[in-house]
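Notes follow the structure.
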Amino acid sequence: MRIKTLLGVAQAVEYLHCYAQWPVIHRDIKPSNILLDAAWAPRLSDFGMSLIWDEANDDNGPTNRVYGTFGYMDPEYYMTCVAKPTMDVYSFGVTMLEVITGRRAVFNRKEEDMRKAFDSKADGGGIPTNLVEATVPRIKANNKEQLQMLFDKRPNPNDLLYRDNFEALELVAHTAVRCVQLEGKDRPTISKVVANLQAALARGGW
């Protein structure tokens, strides 16, 4: 169900970037802007920050301010104020990490569960303050045990379920890591993300 939902959202973003009459950048992809209809199909909502992207001019020029939500905002966009489709890929990458871990994009330091689950970064450098910081080193380490600890086991903490679907979850996790690279040029296109999620869905039904 979760992979299928992520795939539906990715396909919506792919439509905006690749198939709309004019390419559109959403600029605020996050779980609270993803609605489920009566058939549990995901619907991407809230286009109040979206803009039409001039694909003939890759550098659309800086804007006077940045738009988006803290924790999901592309750091490259934050630094340059230049909007590109890669910023949606970053935001969707954070959303993917939230879905597979069941944790918030930005940690509240008062939350005890955060300290228990992510007591230190994989490289040994202090307590992480956000989900990207906490999960990316662990996923890159490619340690099966660490990956299994990251995955959200609600509502059914059945180890067999996660062992049977581990390859699918692993592909989603590594795709998310590529989406949240600091520089847009290092991120996959949304079409590549769609292809990876389709492959993950074919491997397991989580």
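Here the sequence shown stands for residues 1 to 206, where the numbers follow the UniProt record's numbering. Cβ atoms here follow ideal geometry from the backbone N, Cα and C, with glycine treated the same way.
Item	Value
Cut-off 7 angstroms between Cβ atoms - residues of its own chain near Ile3, not counting five sequence neighbours on either side	Ala168, Val172, Leu197, Ala200, Leu201 and Trp206
Reduced DSSP category for Leu51 - H, G, I as helix; E, B as strand; rest coil	strand
Same chain, Cβ closer than 6 angstroms to Glu55, five either side skipped, listed in chain order	Pro23
Distance CB(Ala83)-CB(Trp40) smaller than 8 angstroms	no
Beta-bridge partners of Ser130, as assigned by DSSP	The amino acid at residue 130 is misidentified as Ser; the sequence shows Asn. Paired residue(s): Val106.
Beta-carbon spacing of Cys81, Val94 below 8 angstroms	no
According to DSSP, residues forming a beta bridge with Pro31	DSSP, once it has assigned bridges, lists no residue as partnering Pro31.
Own chain residues within Cβ distance below 8 angstroms of Glu98, not counting five before or after	Pro31, Arg104, Ala105 and Leu131
Cβ neighbour criterion (16 or more within 10 Å) applied to Phe70	exposed
The beta strand (DSSP E) enclosing Arg203, as first and last residue numbers	Careful: Arg203 lies outside any beta strand (DSSP E), inside the alpha helix (DSSP H) at Ile190 to Arg203.
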